[in-house]
Each structure stands twice: as C-alpha cells, then as structure tokens.
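Enquirer: Numbering (the working numbering), first residue to last: 1 to 252.
(1) Do the segment 11-19 and the segment 67-78 touch if we need at least three Cβ pairs shorter than 8 Å?
(2) Could you name each continuous beta strand (DSSP E) segment of 3 residues or more that falls completely within the segment 154-183, going from the start of the chain to the end?
(3) CB residue 101 to CB residue 92, shorter than 8 Å?
(4) Which ranges would you report for the beta strand (DSSP E) in the segment 23-56 if only whole runs of at least 3 residues count?
(5) Suppose you measure from the CA of residue 5 to the CA of residue 24; what does that come to, to the nearest Å?
(6) Classify residue 220 as buried or exposed, calling it buried when 16 or more other Cβ atoms lie within 10 Å of its own Cβ.
(7) Going by DSSP in three states, residue 99 sits in which element: helix, strand or coil?
(8) Touching or not, the segment 49-63 and the segment 136-146, by the rule of three or more beta carbon pairs under 8 Å?
(9) Find out if the Cβ-Cβ distance for the pair residue 20, residue 141 is shorter than 8 Å.
(10) Out of 95, 128, 57, state which residue places its alpha-carbon closest to the alpha-carbon of residue 86.
(11) Per DSSP, what kind of secondary structure is residue 91 in: helix, strand or coil?
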C-alpha cells in the first residue's frame, strides 16, 4: 500500500467519531473493509450486519453455521505445544437457537504455519509469549468494536424509524406511531420494515407504506375502541373522538 493510500484511509478512519484504534493485525484498508463493507465474507450476500470481531469477519446468519466449532477436534489439528493455551482466536455467537463457540480455519492455518517454520525451542517460546499478548489485545479491541458497532446500528435504526414517522405524518398516522414507540410496542418498533439499518428512500417507502398504514390504522381503531368508554361525554361525536385520538389525547 502506498503512503498516499495509507494517509487517505487513516484520515477517513479518524473522521469517524468513537471508532476504536487501528489494531495490530489489520492495515488501514483491511480495517475499513471490516467496518464499512456490508458483504458476508463467505457468500458475499449484501447488507450483512453480523460481525465476528475477534475473528475479523462479517458472516451472515446463513453462513455462520459453516464455521468450525472451537472444540477438541478443532484444537487437535494444532501443534500440541500451544493447542491448550487459549491463544487461538475464538468467538461465541448465536447460531440458530443455540450459542456456539466458533473458530476460524484461516486463523488456525496461519498459526500452524507460523509455528512450524520455527527451528529452536527459544523461538517457539517467544512466539507463544507474543501470541498470548496479541490474544489479549485482540479481545480488548474486539470488545471496543462490538460496543461501537452496536451503537452505530442503533443510530441507523433510529434514523430510519424517525424518517418513517415523518412520512406517516402525511397520512395522519405519525401520532399513532409515536404512541406505539412510547409504549415500546414491538409490533411497530421491531417490524421487519422498520427495524433496519438501510436508509429510507422514496422507492423503499412507496413499496412499504401500504403495509405500515394498514398496521397503524388498525392499531388506532382498536385503541380508540378501548378508550372511548372512558370518555362517554364524547360518544355522541365519533369524529371528534377519532380526531382527538389521532392527536394523542386521552392523557398522552
């Protein structure tokens, strides 16, 4: 990598607020790819937000099951001198409905090849000591990245939700959406069309608005039906009740 390219990548990285420092095991372009390119490293599927930070890889839910388990069989393929020292990178993550401790064939191959070219016991002891320190650094950096990534994802999801609420205002349903958000109702907050990191575009909105309008209209109708008996003085004017519900009356 040229010095000019390195400068460009470093400048871009430093402009991202709260981003953890460049780790020892990645150069600037490699780190940028891990952070910003949302393709699964196995199948190349787009919009992959699942990152195995310790293993330095983005792997979608479909492909994560193909990674090797970090178990006795996996470790038995490593030199006996370090297989039980806990220096090989691993990551615990959810696969389907269970939690698994996963390894990486790429990391295992790299460690094995590095160790096998060492000729003396002194060289091997020094290599193991270095890997023990690097492993601690790797875990620390992975933890920082996980916290940053979680915050970044939440920000993107919140931005999308705010944009959706803004567009719902055109249909008189922004207030109903805000009620559902305030009440922490998953039916809206965790809806597959709402809880995404993708930027809301005119095209995507036009393809999804009918479903959300139906959802919010039904929710408002049910809520008003339940709350009307609490305000019998309004029962003679259903239109007034409906309008006030849309404007978040009833003590909201």
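A virtual CB, placed ideally from N, CA and C, is assigned to each residue, including glycine.
Expert: Quick answer:
(1) No: fewer than three Cβ pairs fall under 8 Å.
(2) The segment 154-183 contains no complete beta strand (DSSP E) run of 3 or more residues.
(3) Yes, the Cβ-Cβ distance between residue 101 and residue 92 is below 8 Å.
(4) The beta strand (DSSP E) runs of length 3 or more contained entirely in the segment 23-56 do not exist; there are none.
(5) When rounded, the separation of the alpha-carbon atoms in residue 5 and residue 24 is 18 Å.
(6) Burial of residue 220 is indicated by the presence of at least 16 other C-beta atoms within 10 angstroms of its C-beta.
(7) Here residue 99 carries a strand assignment [DSSP, helix/strand/coil].
(8) Taking 8 Å as the limit for Cβ pairs, the verdict is that the segment 136-146 does touch the segment 49-63.
(9) Yes; because the gap between Cβ atoms is below 8 Å, this pair is in contact.
(10) The shortest C-alpha separation from residue 86 is found at 128.
(11) In this structure, residue 91 counts as strand in the three-state DSSP scheme.
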